[in-house]
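Q: One structure, pasted below without further comment.
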Amino acid sequence: MRIFNSLTRKVEDFVPMRPPRVAMYTCGPTVYSYPTIGNWRTYVLSDLVFRVLTYMGLRVEYVMNLTDVGHLTSDADTGEDKLQEKAVREGKTAWEVAKFYGDDFVESFAKLNLSKPKLFSKATDHIKEQIELIGEIEKAGFVYKINDGVYFDVAAYEKAGNVYGELSNLEEIKAGARVEVNPEKKDSRDFALWKFSPSEYKRDMEWDSPWGRGFPGWHIECSAMSMKYLGKQLDIHLGGEDLLGTHHPNEIAQSEAATARKPFCKYWVHGAFLIVDGGKMGKSKGNAFTLNDIEAGGFDPLALRYFYLTGHYRKQLNFTWEALAAAGAALSKLRQFAAAFREQKGRTQPRGGTRDLRLSPEKLTQIDEFKKSFCDAVEDDLNMPEALAVVWEMVKSNIPDYDKYELLVKFDEILGFSLSDFWGERVEVSGKAEELLRKREELRAEKRFAEADQIREELNQMGYAIRDEEGGAVLTKI
Ligand code: AMP
Ligand code: ZN
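Mapping of the sequence shown onto the numbering used here: position 380 corresponds to residue 384, and the numbering continues sequentially without gaps.
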C-alpha cells in the first residue's frame, strides 16, 4: 500500500518494521458527548486502513484510546476539563459521564461496521503508566514545574539537538501560539504533562503523583498507552488533521524524550475534516450531527459510511442531507444487485464444486482485471472514490453473476457494507409467486434440482430472492 505520510509529506510505500505485524494506534474520542459525523469520518478512515492492511495479509495490532480525563477546553492547558465541565452541567460525576459516552461510542462501532481495536484503552486506567513516563521525561531533563502543573520544556528539548514540531507547518505552530498563554510557561509551545488540582473546588478525578495531587495532561496518555500495548515504536498512527498542530507533535516530543530519540512512529496519517453545508460544523449552529441524528433522519448509518467513501480522505468532505440521500440510494442499489447476484450464484454454482469451468479465458482475465483495479485503487493512498467506480463498472459488466457476487463479497471485506448479509425485505406472497414457491419446495424434496432452479429464476425475474431457512423457503423483495 502507498499512503501519504504527514511526517515526510510524501506518498510512500507502507513497509512495517516487523512484518507481518503492524502496530497501529488511533487517537480516540474525548468521551464527554456523542461523537459527531466529523469524528466518525476519522474513525472510518482508521477502519479502512485496518481493513486494507488486513486484506493484504498483515497482522494489525490496533489500539485506540478513550480520553476520559485531562482534555481541557483550551489547547493552551488552561480552561476546564471537558468531562468535569459536562459533569457539573448534567448533575453527574465525571466518572458517570465517561462511562455513558464511552460505552455508547464502543457500541456504535457496529452501526458503521467498524473493526474493533484489540483494545480501547482509557486514560484513567493508566495513571501509573503516565506518571512513570513523565518521570522518564523528567530524568532526561525536559520537565519543569510551575504553579498549575508540570510542563514539557520545548526549548530544552531543542537545545539537546531534537526537532520539535516536524509534523506541523509554520502556520499550524503559529495558530497554536495564538491561543491564550499561561504567563508562567517558559515558551508558548510548552505543554502540560501533569496538572495540579485546583484549590477552589474538588475534582471528581484526581490522583497523587510525585509532583502533587492532580491529573494527567491530555497528550501524555497516548504515548503511555501506545508504548504499553504496542511497544516504543509504532508503525502507523492516525487521527484527524486538527491533531497535526499540537497533539501529535507533543506525542512525538514526549515519547522520543523518554526513549532517547527512538523514532516514535513511522507513518503518520491524518484525515481531512468533514464540513456541513459548506461550513465548519458546530454545536451552536445545530449542525454537529451525530449518528442518532442520521438514524432519526431515516438513514441507515451504512449510508453514511458509503458517503464517506465517496470522498478522498485527504480532501475536505461536505456533508449535506441530499448527498447522504444519494449515498443511501447508491448503497441500496448495490445491496439489491448483491442479493440478485447471490440468487444467480445459487443456481449456477456447480453442486459441491467450484466456479463454472466453462468460463472463457477472456472472462477470467476480465474478472482478474476487476480485482486488480480495485486493489490498485485502495492501495493507491486509499483512493476509495476510484475503488467505488471499479465496483460499479464490475456490477454493470457482462461477467457472470456468480463472479460478480464473489467479487462483491471480496471487495466488501474493505468496503464494509454488509453486502452478503442483505436479503431485502421478507414478504408474504400469494397467487402465482406462492404457487411457484410451493412447486420449488416439492421439486427440491424430490431432488429435481435443475427444475427447482428454473423456478427460482422465474421468481427472481418477478423481483424476489429466495432464502432457504430451517422452516422452509421464504421470499424477500430485492
Ligand atoms: P475529539 O473527540 O475532539 O478528541 O476528536 C476525536 C477525533 O475526531 C480526532 O481524531 C479529531 O481529529 C477528529 N475530528 C474532530 N472533528 C472532526 C471533523 N469535523 N472531521 C473529521 N474528523 C474530526
Ligand atoms: Zn493521541
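In this text, a Cβ means the ideal position worked out from N, Cα and C, and glycines have one as well. Keep in mind that this is a model prediction, so the values were computed, not measured.
1. When the distance is taken between beta carbons, is W99 closer than 8 Å to D212?
2. Does DSSP put W215 in a helix, in a strand, or in coil?
3. Between the Cα of S201 and those of L57, G216, M388, G467, spot the shortest distance and give me the residue it belongs to.
4. Using a Cβ-Cβ cut-off of 8 Å, state whether V395 counts as contacting chain D.
5. Among A469, E260, Y312, which has the Cα closest to the Cα of P389?
6. By DSSP, does S50 sit in helix, in strand, or in coil?
7. What runs of the beta strand (DSSP E), each 3 residues or longer, lie entirely inside the segment 275-326?
8. Hey, out of W198, G428, G218, whose CA is closest to Y485's CA?
9. Just to check, is the beta-carbon of E255 closer than 7 Å to a non-hydrogen atom of the ligand ZN?
10. Only counting runs of 3 or more residues, tell me where the beta strand (DSSP E) segments fall wholly within the segment 192-251, in order along the chain.
11. Report the CB separation of K122 from V67 in whole angstroms; it is logged as a contact under 8 Å.
12. Here's the rule: buried if 16 or more other CB atoms are within 10 angstroms of the residue's CB, otherwise exposed. What is D416?
13. Out of curiosity, what's the CA-to-CA distance linking S37 and G106?
14. Please tell me whether, using a cut-off of 7 Å, the distance from the CB of H251 to the nearest non-hydrogen atom of the ligand ZN is below it.
15. S336 by DSSP, collapsed to three states: which one?
16. Closer than 7 Å: is that where the CB of R45 sits relative to any heavy atom of the ligand AMP?
17. In terms of alpha-carbon separation, which member of L238, I150, D51 lies closest to P23?
18. Cutting at 6 Å between CB atoms, please list the residues of its own chain near G357, excluding the five before and the five after it.
19. Quick check: what's the CA-CA separation for K103 versus H223?
20. Cutting at 8 Å between CB atoms, please list the residues of its own chain near D51, excluding the five before and the five after it.
21. So for N21, helix, strand or coil by DSSP?
22. Take every Cβ of the segment 275-294, pair it with every Cβ of the segment 260-267, and state whether three or more of those distances are shorter than 8 Å.
23. What I want to know is whether the C-beta of C379 ends up closer than 7 Å to one or more non-hydrogen atoms of the ligand ZN.
24. Judging by CA-CA distance, which residue of G283, E140, V110 is the nearest neighbour of Q320?
25. Starting from the Cα of W325, find the closest Cα among H316, G302, D405 and give me that residue.
26. Would you identify the three-state DSSP class for I7, choosing helix, strand or coil?
27. Using 8 Å as the threshold, is the C-beta distance between L62 and P20 below it?
28. Assuming E429 is part of the beta strand (DSSP E), what are its boundary residues?
29. Can you tell me the Cβ-Cβ gap for L242 and L49, rounded? I've got them flagged as a contact below 8 Å.
30. Could you spell out where the beta strand (DSSP E) holding Y409 opens and where it closes?
31. When the Cα of K90 is compared with those of A80, D81, D72, which residue comes out closest?
32. So, with DSSP's three-state summary, where would you put N186?
33. In whole angstroms, what separates the C-alpha of V15 from that of N9?
34. Does DSSP put V35 in a helix, a strand or coil?
35. Looking only at its own chain, which residues have a Cβ that is under 8 Å from the Cβ of L308, when we skip the five neighbours before and after it?
36. Candidates F195, M28, V395: which alpha carbon is nearest Y233's?
A: Put simply:
1. Counted from its first residue, the sequence shown places residue 212 at position 208. Counted from its first residue, the sequence shown places residue 99 at position 95. Against a cut-off of 8 Å, the Cβ pair of W99 and D212 comes out as no contact.
2. Residue 215 sits at position 211 when you count from the first residue of the sequence shown. W215: coil per DSSP, three-state reduction.
3. Position 197 of the sequence shown holds residue 201. Nearest option by C-alpha distance: G216.
4. No chain D appears in this structure, which consists of one protein chain only.
5. To locate residue 389, count along the sequence shown from 1; it is residue 385. Considering only alpha carbons, the answer is Y312.
6. Counting from 1 along the sequence shown, the entry for residue 50 is found at position 46. S50: helix per DSSP, three-state reduction.
7. 278-280, 321-323
8. It is not possible to answer for residue 485, since the shown part of the chain is limited to 5 through 482.
9. In the sequence shown, the residue the question calls residue 255 occupies position 251. Indeed, a heavy atom of the ligand ZN lies less than 7 Å from the Cβ.
10. 195-200, 218-220, 238-244
11. Position 118 of the sequence shown, counted from the start, is the residue given in the question as residue 122. Position 63 of the sequence shown, counted from the start, is the residue given in the question as residue 67. The pair is a contact, with the Cβ atoms about 6 Å apart (cut-off 8 Å).
12. Counting from 1 along the sequence shown, the entry for residue 416 is found at position 412. Buried.
13. If you number the sequence shown from 1, residue 37 lands on position 33. If you number the sequence shown from 1, residue 106 lands on position 102. Distance between the alpha carbons of S37 and G106 is about 9 Å.
14. Reading the sequence shown from its first residue, position 247 is the one you call residue 251. H251 Cβ: within cutoff of the ligand ZN.
15. Taking the first residue of the sequence shown as position 1, residue 336 is located at position 332. S336: helix per DSSP, three-state reduction.
16. The sequence position of residue 45 within the sequence shown is 41, counting from 1. For the ligand AMP, at least one heavy atom lies less than 7 Å from the Cβ of R45.
17. The count along the sequence shown starts at 1 and reaches residue 23 at position 19. Answer by Cα proximity: L238.
18. Translated into the one-based positions of the sequence shown, residue 357 becomes position 353. For G357, the pLDDT reaches just 44, beneath the cut-off of 50, and the residue's location in the model is therefore unreliable, leaving the point undetermined.
19. Start at 1 with the first residue of the sequence shown, and residue 103 comes out as number 99. Start at 1 with the first residue of the sequence shown, and residue 223 comes out as number 219. Cα to Cα, K103 sits roughly 21 Å from H223.
20. Stepping through the sequence shown from its first residue, residue 51 is reached at position 47. Here the set comprises L116, N117, L118, S119, G420.
21. Here the question's residue 21 lines up with position 17 in the sequence shown. The sequence given here places Met at residue 21; Asn does not occur at that position. In the structure shown, M21 sits in coil (DSSP, three-state: anything other than H, G, I, E or B).
22. no
23. The count along the sequence shown starts at 1 and reaches residue 379 at position 375. Result no, Cβ not under 7 Å from the ligand ZN.
24. Counted from its first residue, the sequence shown places residue 320 at position 316. Nearest of G283, E140, V110 to Q320, Cα basis: G283.
25. The residue labelled residue 325 in the question sits at position 321 within the sequence shown. Of H316, G302, D405, the residue nearest in Cα terms is G302.
26. On the sequence shown, position 3 is the one that residue 7 refers to. Three-state DSSP puts I7 in a strand.
27. Working through the sequence shown from its first residue, we reach residue 62 at position 58. Working through the sequence shown from its first residue, we reach residue 20 at position 16. Against a cut-off of 8 Å, the Cβ pair of P20 and L62 comes out as a contact.
28. In the sequence shown, counting from the first residue as 1, residue 429 sits at position 425. Unbroken beta strand (DSSP E) run through E429: 429-431.
29. Stepping through the sequence shown from its first residue, residue 242 is reached at position 238. Stepping through the sequence shown from its first residue, residue 49 is reached at position 45. Contact holds; Cβ gap of about 7 Å.
30. The residue given as residue 409 occupies position 405 in the sequence shown. Segment 405-419 is the alpha helix (DSSP H) holding Y409; no beta strand (DSSP E) there.
31. On the sequence shown, residue 90 is found 86 positions in, with the first residue counted as 1. It is D72.
32. The sequence position of residue 186 within the sequence shown is 182, counting from 1. If DSSP states are grouped into helix, strand and coil, N186 belongs with coil.
33. Within the sequence shown, numbered from 1, the residue matching residue 15 stands at position 11. Within the sequence shown, numbered from 1, the residue matching residue 9 stands at position 5. Approximately 6 Å, taken between the alpha carbons.
34. Position 31 of the sequence shown holds residue 35. In this structure, V35 counts as coil in the three-state DSSP scheme.
35. Start at 1 with the first residue of the sequence shown, and residue 308 comes out as number 304. The answer, listed in chain order, is I41, W44, L116, L295, I298, L328, A331.
36. Here the question's residue 233 lines up with position 229 in the sequence shown. Of the candidates F195, M28, V395, the one whose C-alpha sits nearest the C-alpha of Y233 is M28.
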